[in-house]
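In terms of the numbering used here, the sequence shown opens at residue 1168 and continues consecutively. C-beta: ideal position from N, C-alpha, C; glycine also. What follows is one structure encoded as structure tokens, with my remarks underneath.
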Amino acid sequence: MKDIYLLVEHGADQGEVYILGWFDDQKSAADIAEAKEWQAYREALNTEHSWSRQKPVPPDQTKYRRYWIQSVSKFSVPTIQATPALH
């Protein structure tokens, strides 16, 4: 069996989870997830929050990830031989 890798986003509002896409290669999926982490960080820096005076923590200084990779085993669909049916 071969694995596929899902790009998952943890939503900011209610803790919802979104599947953004899938990849055949774990490295490319991880690269996209890391790029999206930094993009979200840069957007958070430009957004003003009246409820917090602290700046967001850069992705390389925290264990939390808004985007992550989940591996799922891909399986092949078996072929079914059709038998002639009489009606």
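Thinking just about the alpha-carbon of each residue, which of 1249, 1240 and 1250 is nearest to the one in residue 1169? Taking the first residue of the sequence shown as position 1, residue 1169 is located at position 2. Checked all of 1249, 1240 and 1250; the closest Cα to residue 1169 is 1240.
Would you call the segment 1187-1195 and the segment 1170-1177 touching, i.e. three or more CB-CB distances under 8 Å? yes
Could you check the C-alpha separation between residue 1222 and residue 1238 for me, to the nearest Å? Your numbering for residue 1222 matches position 55 in the sequence shown. Your numbering for residue 1238 matches position 71 in the sequence shown. Cα-Cα distance, rounded: 32 Å.
Sequence-distant residues of its chain with Cβ nearer than 7 Å to residue 1197 (five each side left out): For the purposes of this step, residue 1197 is identified with residue 30 of the sequence shown, where counting begins at 1. Correct list, in chain order: 1236.
Give the single residue among 1228, 1234 and 1200 whose Cα lies nearest to the Cα of residue 1184. On the sequence shown, residue 1184 is found 17 positions in, with the first residue counted as 1. Residue 1234 is the option with its Cα nearest to residue 1184.
For residue 1226 versus residue 1204, is the C-beta spacing smaller than 8 Å? As a working mapping, residue 1226 is identified with position 59 in the sequence shown. As a working mapping, residue 1204 is identified with position 37 in the sequence shown. Contact: yes.
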